[in-house]
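First comes the structure, then the notes that go with it.
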Amino acid sequence: MAAGYLDILRARHAARLLTGTLVGRLPNGTGPIAIVLFTRAEGGSYTLAGALAAAYGLATAVGQPLLGRAVDLYGQPRVQLPAAVVSALGMALLALTGLGSLPLAYLAVIVAGVATPPLEGGLRALWPSVLKGEGRVHRAYALDAVAQEAMFTVGPLLVTLLVSLWSPAAALLVINALGVLGALSVVLSEPSRTWRSAPREAHWLGALRSPGLLALLGAFFFVGLALGSITVAAVAYADDHGRESVYGWLMAALGLGALVGGLAYGARQWAGAPEKRLRVIAGLLALGYLPLTLTPSVPVMTVLAALSGVFLAPAIACSFIVVDRHAPRGTVTEAFSWLVTTFGVGAAVGTAVAGPAVELGSTAWSFAVAGAGGTAALVVLLATGRLLAAPVRTAAVVTGSENDRNGAAEPGFSSGHKA
Numbered sequence: 041m042a043a044g045y046l047d048i049l050r051a052r053h054a055a056r057l058l059t060g061t062l063v064g065r066l067p068n069g070t071g072p073i074a075i076v077l078f079t080r081a082e083g084g085s086y087t088l089a090g091a092l093a094a095a096y097g098l099a100t101a102v103g104q105p106l107l108g109r110a111v112d113l114y115g116q117p118r119v120q121l122p123a124a125v126v127s128a129l130g131m132a133l134l135a136l137t138g139l140g141s142l143p144l145a146y147l148a149v150i151v152a153g154v155a156t157p158p159l160e161g162g163l164r165a166l167w168p169s170v171l172k173g174e175g176r177v178h179r180a181y182a183l184d185a186v187a188q189e190a191m192f193t194v195g196p197l198l199v200t201l202l203v204s205l206w207s208p209a210a211a212l213l214v215i216n217a218l219g220v221l222g223a224l225s226v227v228l229s230e231p232s233r234t235w236r237s238a239p240r241e242a243h244w245l246g247a248l249r250s251p252g253l254l255a256l257l258g259a260f261f262f263v264g265l266a267l268g269s270i271t272v273a274a275v276a277y278a279d280d281h282g283r284e285s286v287y288g289w290l291m292a293a294l295g296l297g298a299l300v301g302g303l304a305y306g307a308r309q310w311a312g313a314p315e316k317r318l319r320v321i322a323g324l325l326a327l328g329y330l331p332l333t334l335t336p337s338v339p340v341m342t343v344l345a346a347l348s349g350v351f352l353a354p355a356i357a358c359s360f361i362v363v364d365r366h367a368p369r370g371t372v373t374e375a376f377s378w379l380v381t382t383f384g385v386g387a388a389v390g391t392a393v394a395g396p397a398v399e400l401g402s403t404a405w406s407f408a409v410a411g412a413g414g415t416a417a418l419v420v421l422l423a424t425g426r427l428l429a430a431p432v433r434t435a436a437v438v439t440g441s442e443n444d445r446n447g448a449a450e451p452g453f454s455s456g457h458k459a
């Protein structure tokens, strides 16, 4: 298992790009958590905390595809670093002004969200230029998903540590300063500076003209909803048990479970269509969320949180390849950014729904939102099976995808579609 991942990390620029992207994404990956903790520390309600986190998520959802398209058109350095700086300034405004003026607080999180740099999609666009061979690129997708879960494991612990050592405001400032440094590391690298998107067909819908991509985005909206609701539900569970640290451990356990699942998934070559495999993974993911509604003791709940995350990274890694197979040529960063956007919109809806679910019902109700989200994702994938059955290419002649120059198939799988 380790040999394949080490081979990728030893490739020139790979470790730097992966690390820089993860550090650069810390503000976005921990944004909802930091906003919820900051709002609660300032005396705000769960509903307000969920609303601010939702505003941030929706703003990110708007900004990601727009900035992703800008990256495809103008390159990474011109877009990524300025966006990271503006996003950090938005969060700094929230940290320094607090909740004294709610319109200003909403403005701050909206600015931070809209300007969030599309580092995630940018990294996936860079992998083929850094790694040669479809097997290495697809394993990099799995490593990418695993590394995300490492971030989601360390991120909540880092936020709670900063909160306990200083304050929620200090946590916001430190995390966003790190984010700017991460973005800087990426855009100064040679692959980022020299990367250019493949020629694209002029179309106002861009990547969204692919039916298969739309189907995938519909499913991942509900995966995002499930995770967004867990963010608020875990805070409520921690409050029920009188220990703020419980929240960090639950979120870290979920991330750890996803990390283990992702490592196992990426360690082997998979036969068969990734679209079919994604449906199986989504079903197992939905099953993992349902036991959380039991809200048992902290040790048991921590184990359940870890188990609920096992199929998350495999689902994300598999979705990367489905995006690669269905995205129109020349829209690579935009297509991956739409996946981030849909995920973010779902998470925003999840946080907005879970807050009132806690106050009107109970903590168990907010965890039930996660179970419903996972189930809905599976239903969408089953209902759109025909759209996902085969990649759809809109260009007249496609000689290869810019994010997989060696073909659109996974290792060990021949799609039957000549690129």
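Take any residue in the sequence shown, count from 1 to its spot, add 40: that is its number in our numbering. Just so it is clear, CB atoms sit at the ideal spot from N, CA and C, and this is done for glycine as well. Just so it is clear, the structure is predicted and the values come from calculations on it, not from any experiment.
If you compare the alpha carbons of GLU374, VAL227, PHE383, VAL154 with that of LEU113, the shortest gap goes to GLU374. DSSP places LEU228 outside both helix and strand once states are collapsed to three, so it counts as coil. Around the beta carbon of GLN309, fewer than 16 other beta carbons lie within 10 angstroms, which makes this residue exposed. Listed in chain order, the non-local C-beta contacts of VAL393 below 7 Å within the same chain comprise SER269, VAL409, local neighbours out to five positions each way being set aside. Secondary structure at PRO314: helix, using DSSP grouped into helix, strand and coil.
Here GLY297 is buried, its C-beta having at least 16 other C-beta atoms within 10 Å. Of the other Cβ atoms in all chains shown, 16 or more fall within 10 Å of the Cβ of LEU121; this residue is therefore buried. Contact check between the region 377–385 and the region 101–116: three or more CB pairs, one atom from each, fall below 8 Å, which counts as touching. Closest in C-alpha terms to TYR277, from the list GLY401, LEU183, TYR181, comes GLY401.
Bounds of the alpha helix (DSSP H) holding GLY264 are 251–280. For PRO157, the three-state secondary structure derived from DSSP is coil.
Distance from the CA of VAL343 to the CA of LEU166, rounded to the nearest whole angstrom, comes to 36 Å.
Shown here for ALA353: same chain residues with a beta carbon closer than 6 Å to its own, the five before and five after excluded, namely ALA185, VAL186, GLU189, ALA298, GLY301, GLY302 in chain order. Selection ILE356, ALA259, VAL220 evaluated against VAL119 yields VAL220 as nearest (Cα-Cα). Contact check for ALA355 against ALA387 fails: the beta carbons are separated by 8 Å or more. With a cutoff of 8 Å on beta-carbon distance, THR79 and LEU139 are scored as near each other. A straight-line Cα-Cα distance of about 8 Å links LEU88 and GLY395. In the three-state DSSP reduction, ALA307 falls in the coil class, being neither helix nor strand.
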